[in-house]
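Reviewing the structure listed below.
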């Protein structure tokens, strides 16, 4: 599966014939079929892990319809085993399955197939920060946004923004030591939790069709934030492009004039994420125009001014911020 995944991404990045990728993928699928033909292997750890990996290949860079087949099969296999807690590999397989589930839900805009797995004993992430950075880990929400949050789903969105900020701030605090994140931080579990909460909040937003609702936009932007700032695994461009297109559609369906007046920083933050996620698509130019319009309307002429304007929203992770700044320098014009 590692060969299949690596070959797929290598060929896509090179833009060459994908014969090698297809070969490894077909070998993997054949192996799954052989296991499924044996009653003793139908729901083995190795079979479930392979199906989850196949689902992720399709989730990230392949055919969504094929992903659905693999995800449905994965869910059925886990149920036949007796649930997530019955899986082996010391908890690793459980996380592989949950990652495939969330990735599929993000790509397909559905609820996750598995309910939220709680991690009640995780310590506050602020205790792992350097002392001088601990104060910046708490996001200060704007009064306008707090006053607008009246429903449970809207309050959930506020908490999601705070969680995103904490995680991004933590990554920035670690500098270049991403491969040595302390195990006790439980970083992957924290990302899993906020992504699951974001996906379920998107589908539960009862007033999503209200054109003056900023929270639907923020939730779609939050999901894009996870895949441009927080995910420490290679995810490719396809899922980011899908999430950017969905964010654009959400903004276009809103009362933009009202939101520009009441929530300009929130719209600018979402649009900056859009230009990162929508690179090399028509969505990029749309988000770029949105950034320019919002900046001109609020007297913002520099990148530093834009980041300061969005200071009450989740901070960008360093590599994403650098990418966004380069795109700003290259393409933003007033």
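Numbering (UniProt numbering), first residue to last: 1 to 334.
Virtual Cβ for every residue (Gly too), placed ideally from N, Cα, C.
On a predicted model such as this, the values are computed, not experimentally measured, just so you know.
Rounded to a whole number of angstroms, what is the C-alpha to C-alpha distance between residue i and residue j?
| i | j | result |
| --- | --- | --- |
| residue 317 | residue 118 | 25 Å |
| residue 263 | residue 197 | 23 Å |
| residue 56 | residue 311 | 34 Å |
| residue 280 | residue 287 | 12 Å |
| residue 248 | residue 82 | 41 Å |
| residue 104 | residue 283 | 22 Å |
| residue 80 | residue 235 | 29 Å |
| residue 142 | residue 233 | 32 Å |
| residue 153 | residue 34 | 45 Å |
| residue 210 | residue 217 | 11 Å |
| residue 257 | residue 94 | 45 Å |
| residue 148 | residue 161 | 15 Å |
| residue 163 | residue 115 | 19 Å |
Indicate the three-state DSSP secondary structure (helix, strand or coil) for residue i in the structure shown.
| i | result |
| --- | --- |
| residue 10 | For residue 10, the pLDDT reaches just 49, beneath the cut-off of 50, and the residue's location in the model is therefore unreliable, although a value from the coordinates is still provided. Residue state, collapsed to three classes: helix. |
| residue 224 | helix |
| residue 106 | helix |
| residue 257 | helix |
| residue 232 | coil |
| residue 273 | helix |
| residue 76 | helix |
| residue 63 | coil |
| residue 149 | coil |
| residue 312 | coil |
| residue 111 | coil |
| residue 217 | helix |
| residue 262 | helix |
Mind checking residue i: buried by the 16 CB within 10 Å criterion, or exposed?
| i | result |
| --- | --- |
| residue 96 | buried |
| residue 101 | buried |
| residue 330 | exposed |
| residue 212 | exposed |
| residue 214 | buried |
| residue 77 | buried |
| residue 86 | exposed |
| residue 333 | exposed |
| residue 180 | exposed |
Could you pull the start and end residues of the alpha helix (DSSP H) that residue i belongs to?
| i | result |
| --- | --- |
| residue 320 | 318 to 331 |
| residue 292 | 282 to 297 |
| residue 172 | 152 to 174 |
| residue 202 | 187 to 204 |
| residue 249 | 238 to 252 |
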